[in-house]
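Q: Chains as they are written, first to last, in numbering that gives the first Met the number 0: chain W, 0 to 1109; chain V, 0 to 501.
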Amino acid sequence: MATAHATRVQIVLERKTSIKVESQTIESVLDQLEKQLNIKFVYSPSLIGADRRVTLQLADKPLTQVLNELLAPRKIQYEVRNNSIVLSQAKSAAAVPVSGRVTQANGEGIPGVTVVVKGTNQGTNTDADGRFTINVPEGSTLVFSNVGYAKQEVAITGATSTLAVSLREDQQALTEVVVVGYGTQERQNVTGAVASVSGRAIAAQPVTDGAQALQGRAAGVTVTQNSGAPGGSGGTTIRVRGITSSGNNSPLYVVDGFPLPASANGDGTEINTINPNDIETIDVLKDASSTAIYGLRAANGVVIITTKRGKAGTANLSFDGYVGQQRVWREIPLLNAQQFATLNNDARTAGGLALIPKYANPASLETGTNWLDAIFRPARIQNYAVSATGGSEKARYAISGGFFQQDGTIINSDFKRFTIRANGDVNLSKKFRIGNTLALTHQEDHPLNNNNNEFSGIIQLALQAPPTAPVYNADGSFYEFSAADNYGEENPVTGALRPILKTNTNRVTTTFFAEVEPVQGLRIRSNVGADLIFTQYDNFFPSIVGSSKYPASQASLSTGSGYNPSYLIENTATYNKLFAEKHNLTVLVGQSAQQFNYSYVGAGRVGYSRNDLQVLNQGPVNSLINNNGSNGYSRLLSYFARVNYEFAGKYLFSAIGRFDGSSAFAQENAIGFFPGVSAGWRISEEDFLKDNTTVSNLKLRAGYGKVGNPLNAGTFQFLSTINSTNLNTNGVPGTAYVFGTGTQNLNTGAAPTRLNSSRLVWENNIQYNVGVDLGLFHDRVQATVDVYTRKSPNLIASVPVSTVSGTFENINQNAASSVNRGVDLAITTNNFVSSGNGFTWSTTLNFSLYRNKLESLGNGTPYFGQSSRGGNLVRYAPDTPFGSFYGYVADGLFQTADELARLNAASPTGSYQTSGTAPGDIKFRDLNGDGVINASDQAYIGNPNPSFTYGLNNTFSFKGIDLNVFLQGSQGNDVYNLNRYYTEGGLYGASNASTLTLDRWTGPNTSNFVPRAVSGDPNQNLRISSHYVENGSYMRIKLVTLGYNLPKDWFSKLAAVERIRVYVSAQNLVTFTKYKGFDPELGNQGGSFGVDRGIYPQSRTLLAGVNLGF
Amino acid sequence: MATIKHLGASLLTLGLLVGTSCTKEYLDVKPTDTVTAENFYKTQTDAIQATNAAYSQLQQNGMFNYSLWGIGDVMSDNSFLGGGGAADGIEFQQLDSYTIPTTNPLTTSHWQRAYLGIGEANQVLLHVPDITMDATIKNRCLGEAEFLRALYYFYLVRGFGDVPLVLTPAQTAAEAASVTRTPTAQVYAQIVKDLTDAITKLPTSYSGDDVGRATKWSATALLAKVYLTQGDLPNAATQARAVIASSGKSMWPNFADNFKVETENGQESLFEVQFKSGLSSYSTDGPGSVMNEFWGARFYGSPYVVSSGGYGFNIPEKDLVAGYGVGDTRRAATVFAPGDKYPDGQVQPSSPTALPGDPLCYNVRKQYVGTVSVNNWDSPLNFPVLRLSEMYLILAEAAGPTGEGVEAINKVRRRAYGLAINTPAPAVDLTAATSNFKAAVVQERRLELAFEDDRWYDLKRTGTLVATMTAQGKSIKDFNNLLPIPQSEINVNPNLTQNPGY
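1. Do the CB positions of Gly660/W and Leu26/V come within less than 7 Å of each other?
2. Since Leu623/W meets chain V, which of its residues come closer than 7 Å, beta carbon to beta carbon?
3. For the pair the stretch 155-165 of chain W and the stretch 91-111 of chain W, tell me if three or more CB-CB distances fall below 8 Å.
4. Are any of the Cβ atoms in chain V nearer than 7 Å to that of Gly748/W?
5. Anything in chain V within Cβ reach of Gly805/W, meaning under 9 Å, just list it in chain order.
6. Just confirm the distance between the C-beta atoms of Ser22/W and Arg51/W, as a whole number of angstroms; I'd bet it's less than 8 Å.
7. Do the CB positions of Ser87/W and Gln76/W come within less than 7 Å of each other?
8. With a threshold of 16 other CB atoms inside 10 Å of the CB of Glu488/V, please say whether the residue is buried or exposed.
9. Would you check if the stretch 257-269 of chain W and the stretch 803-812 of chain W touch, i.e. whether three or more CB-CB distances between them fall below 8 Å?
10. Taking only beta-carbon positions, decide if Tyr736/W is within less than 7 Å of chain B.
11. So that I know if they touch, is there some Cβ in chain V lying closer than 7 Å to that of Thr502/W?
12. Can you grab the Cα-Cα spacing for the pair Val620/W / Ser552/W, in whole Å?
13. For a cutoff of 7 Å on Cβ pairs, would you count Gln59/V as touching chain W?
14. Taking 7 Å as the threshold (beta carbon to beta carbon), is Asn51/V in contact with chain W?
15. Report the residue ranges of all beta strand (DSSP E) runs contained in full by the stretch 868-905 of chain W; include only those spanning at least 3 residues, in chain order.
16. Please report how far the alpha carbon of Ser244/W lies from the alpha carbon of Pro861/W, in whole angstroms.
17. Using the Cβ count rule (16 or more neighbours within 10 Å means buried), how would you classify His4/W?
18. Could you check whether the Cβ of Val676/W sits closer than 7 Å to any Cβ belonging to chain V?
19. Answer with yes or no whether the minimum CB distance from Glu145/V to chain W is below 7 Å.
20. Strictly below 9 Å CB to CB, what residues from chain W border Gly83/V?
21. Under 8 Å between beta-carbons, which chain V residues line up against Leu754/W? List them in chain order, please.
22. Where Val771/W and Asp282/W are concerned, what is the direct C-alpha to C-alpha distance, given to the nearest angstrom?
23. Classify Thr2/W as helix, strand or coil using the three-state DSSP reduction.
24. Using a Cβ-Cβ cut-off of 7 Å, state whether Ala701/W counts as contacting chain V.
25. Apart from the five residues on each side of it in sequence, which residues of its chain come closer than 7 Å, Cβ to Cβ, to Val491/V?
26. Mind pulling the alpha helix (DSSP H) runs of 4 or more residues that sit fully within the stretch 11-55 of chain W?
27. Answer with buried or exposed for His445/W, where buried requires no fewer than 16 other C-beta atoms within 10 angstroms of its C-beta.
28. Consult DSSP for Tyr148/W and reduce its assignment to one of helix, strand or coil.
29. Taking the alpha-carbon positions, what's the Leu11/V to Ala529/W distance?
30. What residue from Tyr1043/W, Val178/W, Leu1053/W, Thr1070/W has the CA that sits closest to Ala1103/W's CA?
31. Since Thr181/V meets chain W, which of its residues come closer than 9 Å, beta carbon to beta carbon?
32. Are any of the Cβ atoms in chain W nearer than 7 Å to that of Val178/V?
33. Kindly say whether Pro945/W, judged by its beta-carbon, lies nearer than 7 Å to any beta-carbon of chain V.
34. Name, please, each residue of chain V whose Cβ falls closer than 9 Å to the Cβ of Phe715/W.
35. Does DSSP put Asn746/W in a helix, a strand or coil?
36. Is the beta carbon of Ala120/V sitting closer than 7 Å to the one on Arg139/V?
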């Protein structure tokens, strides 16, 4: 039978046929021949280069001649086998050896550049010095690509060993591959709003947390470090395109395809277990037309992190290490002992109180203790990372190990992180591929006790402790404040040094995938993964011998162990095909199921008789013993699809639909549909612009989508739960009660304290986006601008319930709405380009602005967000921006008694402010004009949302020297400076004050800002008011890095070493700001932002490092 | 290859199958560590816990731990706020000066927490009858819930006048937001009904771990006080007589023994709010009592006389202190006066500058326990709600200057002067001829029950509030006989009308 078929085909070869094609692919010509002659060609399109375009005109010729004319010039040979014609690469096309070096504009070799023969899978990648060797068919084209560089193609005409390729750095290269969720797209085809940051930009910064490296690098992505606590353990706030909810606005993080569970309390610690050196790219999906692929969780943007993977070719081994020192870049100047005593005496005299004997004679005091100096220290930071990548066409690997260590700038705080990552890919056959990612992280954190707590945080204590006391007594024991100091708080140094706090975190994130390509263009992929987070807390509070404040009866231990695993299974099918030359269609369908478990066991004992055995069992069994635990889980089940259609490379269209079902909501409300559509027009591909020498790229984009944010709806919040909490928790009364004899017992009580809210669902976000991508002068200037609107029609508002219901808690309802509009702008210019080793300079500017406001609260009432000492501070009400400060309006100081008397006389109560008000006190504005200052004279006194934020990055290079200068800033944001609230407290009480109070009011016109000193603050100058609101605008030189690539001949004897780069770097080098606190950059604290409540300040870091390539 | 291809295809198929057929099942997750209303109220333990919750409000902010001493004493002629001046304790200052905004936190919390307690009692009365459990315990739970509901309503109706009478728990927010105020008489009728029924259900006493729960005599005593307040003197006398005759309670020979940790729930006690130390700090919501520190002398002495120093609130008025006759042991048990010694040896000063806000250097002693632990606002001392001596005074007032009435008040007076209560003592006894006997009884109540959160209610029910407080120099008006309905409640339920004047 086989022979008969062969004969038939042989006969077919002689059949005559006609064909006329113009600039069509070989593949389509073959298709036409198959149809005309009812024959079958068998070939690998990539091997024979079937996408090459041909022009052919033959009339009534035998098929052999047609094939000869079509295939021979393209070095394709054919043979008849079985019942088909098999095409293969002509053996005559000799493979020739090609080697060379790929460099940056400055001549520095680029490691890891992918080098492939165009139209094939054949390739290699460059070594640490940018060198490569490959055998390629003569006449083919090599394609050089690497993230962050413009792709380049070089035609190979013969063997060479000196091929020099210089890649141009290009943050937003059109050919860059963008990760869009369940797939990738080339930048030129992207129709949504996606920002990308390369791993090089991330690794170049000595950051503790990859999220921090995004700061100022991606337009529309606002990044703030929550605190300077070591290891980024305070978290990093990422806000994609502003804020649309009064609750959690955190984006979804997806690492190597695994959507990570949200961090507790929205503290932004999702990715601080990842070694920044392992990151290949971070892509941020910003608008709903692109984020809709992640549906329910996508309203606040999606941050997609892709870690490094091996490439076929030479093995690369590299080492990066740096060591440096950090210091707090600014300390608030505090009064010395004499100044403090004088202030205290003034205050007590004005308040009619007797002087404190210890302070009565300031002249007898020395300068005393500077408590900030006592708690701050220069601190070491160090990081070492080793990585090996490589592999063959069949199997590739990337293995890395890292160690990061950071001492805190406050004593007794430090952090260590160990990471190991192993990513692999194996081609089992041409059609079947498997791979994995495995990341192991071990972290040891020694945090401060009551970190950032505004009552007992170390910073607060140090700002307020009287300088008249020493840190230590003469016998070396900690000084303890007593009645003689008229001050009873903890010694700040004791507060930092006494507690022994350990938080260990172990995290395993692993995924495995298998992908099959049963027919060309169709890829079916299964992805399973797990993210296992183990956390262990051990906090011991020892006793201090001879101390009345820390007796053994109070020595305590608390320990806790949490296990939060998440499991994922995903199956997708992607089909890509070019139809009729011009219609390129990609279809994705998929399913995803994820489960999130949590469990916690905690215990504590009080009354440790000794301090050396810091374990639970050594504590006494008494009434203060406690243990607690919880566990549960929730699930997400999703189906999604995406269609990308491109016509003639000019018209782009994308549509996404995702169904997400979540177990956190009532069954009838559990499933949501999240659509996203977008379109693009590459105007620069139109004939009228195609050959324009000025405009090299012009694309218009527009998109719409609807996505969700489940973070504020909580889990099972729709249910009416039984409250059996013993004590008041977060303002909700406990239900226990005491009965019995003797010391009596607390008896558990149980009652529903919240009505059910069965209609509760996630918050929706409806987004519109319009953007333009522009490239000028062969893309030497590139700009992207996006304008967007985000509407949230069903924000969750906490709706108060009549307590006549017998319940006390507000219920969450989807009652409120908000709108947020903004602009993102990114411009990259290659100011100087040099092909050799000469001077190059490129600049990237990112600019973001947004304006948000709460439009309506529905049946909810205005509610307070963050409160602070002094009262409620952040208030949410219609027509105000999110996070706005609310309080009294300070209007200078009363200068004279007459001025005050006039106001008192005009007041219906006879007292304009308070009965104790006197000249030198803050005059608050009578907003409603009723002659009395009371609660109805409060208003919005500050907006923490910036007018705009920006990042400006300049990269220079010259003959092996590279210099990077990165500026970053925020303009027009208000900060509520609670530090000043604390340090002005010394005007009224027993605590210390800042040197600002040296300029206090002491008589008419001596000051119109710093109030008089008077014990007890009879005027309530400390009430929440605009007096403490400051302009938080700043511009800072965030990063300066100067590097030098040692000339190779300097270390030619070190045969193994290919490349040595040394560098010095400074982070937070200079900050320009009018702000008077430690640092104007303030992230999310207690659900609000822009409130400086004594946060662990950021530091200035100076470091030196080395990069080695082997 | 074929195998591999099939593997891929079957993985996908599996995935899709898992998805489509089991969506509902996969997403049907119930909370595993929270009890919901659906799976509660099933067992005897559930019933007891539900009942405990109804008590819990007593020791919290809106009732005896905070609001009630502001209303019962600071708002009366017994005391003024004191404290640090300026805005210190501003919510109490507003009560003290009768400039009470509708947003006052104390009156607001009082309303809210009383209704929370009523809600918790309503849950018991709704669900417990359906629980299969020990019949005695079930009866007790229902009786306790009725007693507590009556107690909370008694405070609400006296404080606010007409209040919504809610007897079954609201199911939705809308339902709760549509109720209207019920006439006072109807509320009182329900209180009497609940107490009358509770008396039939509650045990006469408890032992061991149940001590502190409401007894039959707690309910009877409260009923006596309710009748007295309504002016139903015969019924008040009947109930007071029943308690005196049958409760088995007797007055402590030493008045001060009513206010000691070691004699809590003692022989004179009919109902106390239970407090326990060591579990809370800086909380007005119990289980520790805040009164030790809030009423403690302000920043006096070193070491402090109470944990971390007192705040010097609730300062006794001069005429209250002067009202105690020479030899009346109640004065020393009630008030710290200059020269009085604290257990650690410190002496109450006499210099007005030594105790800010306290020109006469008086402080309340009834809830004083000293430094109990390093916790603050964490006193273990129970707070008396109903004592046997008050039953004698109710009987005296209800019976009037009869033999029975005069003997009743004299028993209380004799005990106060350290005398045998049943032996006539002409030096301290009143007689039928005592002029204005009722006023004498009310004054005796003032001296006996000072700082037990009762005085403001006595002034109100005797119609002497406005005159008395005006004489004190307070700018009080007639409308101040009622507290303002909390603005936050009117905000969520426009059907609630505000009391006139506010």
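Positions of the beta carbon are idealized from the N, C-alpha and C atoms, including for glycine.
A: Put simply:
1. A contact, by the Cβ cut-off of 7 Å.
2. For a Cβ distance threshold of 7 Å, residue set Gly277 of chain V lies close to Leu623/W, ordered along the chain.
3. Contact between the stretch 155-165 of chain W and the stretch 91-111 of chain W is present, because at least three Cβ pairs lie under 8 Å.
4. For Gly748/W, the answer is yes, since a Cβ of chain V falls inside 7 Å of its Cβ.
5. Correct list: Tyr114, Leu115, Gly116, Ile117, Gly118, Glu119, Ala120, Asn121, Gln122, Val165, Pro168, Ala169, Ala175.
6. About 10 Å; that fails the 8 Å criterion.
7. Taking 7 Å as the Cβ cut-off, Ser87/W and Gln76/W qualify as a contacting pair.
8. In summary, Glu488/V is buried, with 16 or more beta-carbon neighbours lying within 10 Å of its beta-carbon over all protein chains present.
9. Too few Cβ pairs lie closer than 8 Å, so no.
10. Checking the listed chains, one finds no chain B in this structure; the protein chains it contains are W and V.
11. Answer no: the Cβ-Cβ gap between Thr502/W and chain V never drops below 7 Å.
12. Ser552/W has its alpha-carbon roughly 12 Å from the corresponding atom of Val620/W.
13. Put simply, the CB of Gln59/V is near chain W, with a gap under 7 Å to one of its CB atoms.
14. In terms of beta-carbon proximity, Asn51/V lines the interface with chain W, with at least one pair separated by less than 7 Å.
15. The qualifying runs are 884-887, 889-892.
16. Approximately 14 Å, taken between the alpha carbons.
17. Note on His4/W: pLDDT 46, under 50, position unreliable in the model; the coordinate value appears next. Classification of His4/W: exposed, given that the 10 Å Cβ count is below 16.
18. Interface annotation, Val676/W: not in contact with chain V, CB-CB separation never under 7 Å.
19. No, its Cβ sits nowhere closer than 7 Å to a Cβ of chain W.
20. Chain W residues near Gly83/V: Gly1015.
21. Listed along chain V, the residues sitting closer than 8 Å to Leu754/W by beta-carbon distance are Ala169, Gln170, Thr171, Ala172, Ala175.
22. In a straight line, the C-alpha of Val771/W is about 18 Å away from that of Asp282/W.
23. Low confidence applies here, because Thr2/W scores a pLDDT of 40, under 50, leaving its location unreliable; read the following figure in that light. Thr2/W: helix per DSSP, three-state reduction.
24. Under the Cβ distance rule, Ala701/W does not count among the residues neighbouring chain V, no pair being separated by less than 7 Å.
25. These residues qualify, in order along the chain: Ala176.
26. Correct list: 25-36, 44-47.
27. The residue is buried, with at least 16 neighbouring Cβ atoms inside 10 Å.
28. Annotated three-state conformation of Tyr148/W is strand, per DSSP.
29. Its pLDDT being 47, under 50, Leu11/V is placed unreliably in this model, and the value from its coordinates should be taken loosely. The alpha-carbon atoms of Leu11/V and Ala529/W are separated by roughly 19 Å.
30. If we check each option's Cα against that of Ala1103/W, Tyr1043/W comes out closest.
31. Under the 9 Å cutoff, chain W gives no residues; its nearest Cβ is about 11 Å from Thr181/V.
32. True, the Cβ-Cβ gap to chain W drops below 7 Å.
33. For Pro945/W, the nearest beta carbon of chain V is not closer than 7 Å to its own beta carbon.
34. What Phe715/W touches in chain V: Val28, Lys29, Pro30, Thr33, Thr35.
35. The answer is strand: DSSP assigns Asn746/W an E or B state.
36. Ala120/V places its beta carbon 7 Å or farther from that of Arg139/V.
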